[in-house]
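Worksheet: the structure to be examined is printed underneath.
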Amino acid sequence: MRPAPDPQGVRDNRLDQGLLHPSHHGRSHRLSVPTDQQLPGVGIQLEIPARAEYVALVRLLISSLASTRRILADSRIDDLKLAVSEACTNAVEATRSGPERVVVRWREEDDRLSVDIEDEGRGFDPANLTVHPPVTDPERLNFERGLGIPLIRSLVDEAEFAPSSEGTSVKLVMYCGPIDDSEDDSKGQADTNGPTDQHQEG
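Every letter in the sequence shown is one number past the one before it in our numbering, and letter 162, counting from 1, is 177.
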């Protein structure tokens, strides 16, 4: 499955093309693959400075992983990218461009994937958020702030927010199946063996 085009202007690329390498453009982000002993269940971890220009890098990572490792429609991939983007933007705003970092972790299970976003900024109480009208209500246009959390919740299957004095942790879950590579592997093996000559001389 080819990566879906990014509607927000960031061209999607495979992870092996070097765009996520820490030396890319001299940027000080860090991409790692933790072991189960370090972080059980975490497939990929990306640490970025709490600055707005790094959100596109997170979006690129999520798009690449969701496109190549899971069975997801393009529209669902776009929803996940937008939800992660909003969560990262909230994390950046919470730190006020300080020296803190934002950590993004990709996790996979058989029937779902999850993305964790953690920041070191000031926390908030999700139970005290302003209630907004539905997106179809014209009154929604009167709300300029505070739309990020309701939007995130509408884009993914599960969204959990855990604020604390040390920052905020957000967990986004989307139900889907993993890509089964067995058929492609079998086909590739058959192609390698070449055609079978079934003609027999009598």
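C-beta: ideal position from N, C-alpha, C; glycine also.
Around the CB of Val73, 16 or more other CB atoms lie within 10 Å, so the residue is classed as buried.
Exclusion of the five residues before and after Ile194 leaves Met16, Thr83, Arg84, Arg85, Ile86 as the residues of its chain whose Cβ lies within less than 8 Å of its Cβ. Ile132 and Val185 do touch by the CB rule: their CB atoms are close to 4 Å apart, below 8 Å. Here the segment 162-177 makes contact with the segment 92-100; the two share three or more CB pairs at distances below 8 Å. Residue pairing for Lys96: DSSP places it in no beta bridge. In the same chain as Glu123, and ignoring 5 residues on each side of it, the C-beta atoms closer than 6 Å to its own belong to Gly58, in chain order.
Contact between Gly192 and Gly136 does not hold, since their C-beta atoms are separated by about 35 Å, which reaches or exceeds 8 Å. Per DSSP, Val188 is one residue of the beta strand (DSSP E) stretching across 182-190. Look at Ile194 here: in three-state DSSP terms it is coil, with no helix or strand label.
If you look at Gly163, you'll find it in the alpha helix (DSSP H) that goes 163-170.
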